[in-house]
Structures are given as C-alpha cells and as structure tokens.
Ligand SMILES: Cc1cc2nc3c(=O)[nH]c(=O)nc-3n(C[C@H](O)[C@H](O)[C@H](O)COP(=O)(O)OP(=O)(O)OC[C@H]3O[C@@H](n4cnc5c(N)ncnc54)[C@H](O)[C@@H]3O)c2cc1C
C-alpha cells in the first residue's frame with residue numbers, strides 16, 4: 012500500500028496472488044467509469 016491506496020500492476024494485480032484491486036482503493040482517478048474499465 013502507499014498512502015492508503017492498494018498498489019497494483021498494469022493488469023490491476025496486487026502483490027498478493029490471486030488478488031486484484033480496482034476502483035477507489037487504487038491510486039487512479041476516483042470515477043465510476045474508471046473503476047469499471049479497470050475491472051474490465
Ligand atoms: C458525491 C459523489 C459523486 C460522484 N459522482 C460521480 C460521477 O458523476 N461520475 C463518476 O464517474 N463517478 C462519481 N463518483 C465516484 C464514484 O462513485 C466512485 O468512483 C465509485 O463508486 C467507486 O467504486 P468502488 O467500487 O471502487 O467503491 P464503492 O462504490 O465505494 O464501493 C465500495 C463498497 O464496499 C463496501 N464496503 C466497505 N467496507 C466494507 C467491508 N469491510 N466489508 C464489506 N463491504 C464493504 C461499501 O459499502 C461499498 O458498497 C462520485 C462520488 C461521490 C462521493
């Protein structure tokens with residue numbers, strides 16, 4: 012984590028396999044369509 016955000020790679024994978032993270036808990040724009048795209 013960094014400053015409260017979960018860090019992920021370019022495929023939204025965390026460093027804890029097989030967990031991924033998307034949406035407001037990762038350090039990208041906090042918008043619904045951004046989180047949706049990250050999930051896709
Ligand atoms: C006032 C406001 C207006 C916004 N307007 C827009 C807009 O116009 N357009 C846009 O694109 N985005 C908008 N956003 C941003 C958008 O709402 C978020 O980016 C989006 O909802 C993030 O989705 P998420 O799934 O990451 O998190 P969330 O939608 O916050 O979902 C997280 C879920 O986890 C649940 N949860 C939390 N803790 C636990 C726990 N311990 N156990 C189980 N469940 C838990 C919560 O209850 C919640 O349901 C707005 C946000 C706000 C606050």
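Numbering (the working numbering), first residue to last: 12 to 51. Glycine included, every Cβ here is placed at the ideal spot set by N, Cα and C.
Please find out if some non-hydrogen atom of ligand 2 comes closer than 7 Å to the beta-carbon of residue 48.
Inclusion of ligand 2 in the displayed structure is not the case, the ligand content consisting of ligand 1 alone.
Counting along the chain, where does the alpha helix (DSSP H) carrying residue 49 start and finish?
43-50
For ligand 1, any of its heavy atoms closer than 7 Å to the Cβ of residue 34?
yes
Would you mind sorting residue 4 into buried or exposed? The rule is 16 or more other CB atoms within 10 Å of its CB.
Nothing in the structure corresponds to residue 4, since the chain is present only between 12 and 51.
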